[in-house]
Amino acid sequence: MKKEWLTPEELARETGFSRQTINKWVKKERWITKPKPGVQGGKARLIHIDERVRTFLKSTRHAAEPSATYRVPPNSLSSLLMTSLQQMNSEEQEKLYAMLLREGIQGLLRRLDISDDQP
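Per this note's numbering, residue 27 is the first one in the sequence shown, and the count goes up by one each step.
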């Protein structure tokens, strides 16, 4: 953070936290703020980015869970089933829905001639 004063919105963009989280920390940690020039009403504030703020933000990064990508491989069964469902028209989807409610997954597997003892 190169600037000495940032709005909660700017700080949120820099850190990846929400503006609401930044504002909560401003109050809880008693960070130094001043009114934003030219904005009436007293709501718009600038946060002084001093060493306390930098240290606090660095400590939150260590506690955070590392980001992960949750994707379904394109050739997986769940991906194939979702694609198949999306290609069905409304009437077909309603019939499948009703059949699954009525008979469950075992009924579907029985209709497809798939049993527990078959690979």
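By construction, the Cβ of each residue, glycine as well, lies at the ideal position given by its N, Cα and C atoms.
Between the alpha carbons of R128 and R97 lies a distance of about 31 Å. Looking at the DSSP output, R71 bridges to P61. Fewer than three pairs of CB atoms, one per stretch, sit closer than 8 Å, so the region 52-63 makes no contact with the region 98-118.
Shown here, L138 sits in coil according to DSSP, grouped into three states, outside any helix or strand. Counted as a single uninterrupted DSSP element, the stretch harbouring R56 is not any alpha helix (DSSP H), since DSSP gives it neither H nor E.
The criterion of a C-beta distance shorter than 7 Å is satisfied by L37 and I73. Between E55 and F82, the CB-CB gap stays under 7 Å. Spanning the alpha carbons of G67 and Q46 requires a straight line of approximately 18 Å. In this structure, the beta-carbon distance from R71 to T59 falls below 7 Å. For the pair L138 and T95, the Cα-to-Cα distance works out to about 34 Å.
A124 and W31 have their C-alpha atoms spaced approximately 59 Å apart.
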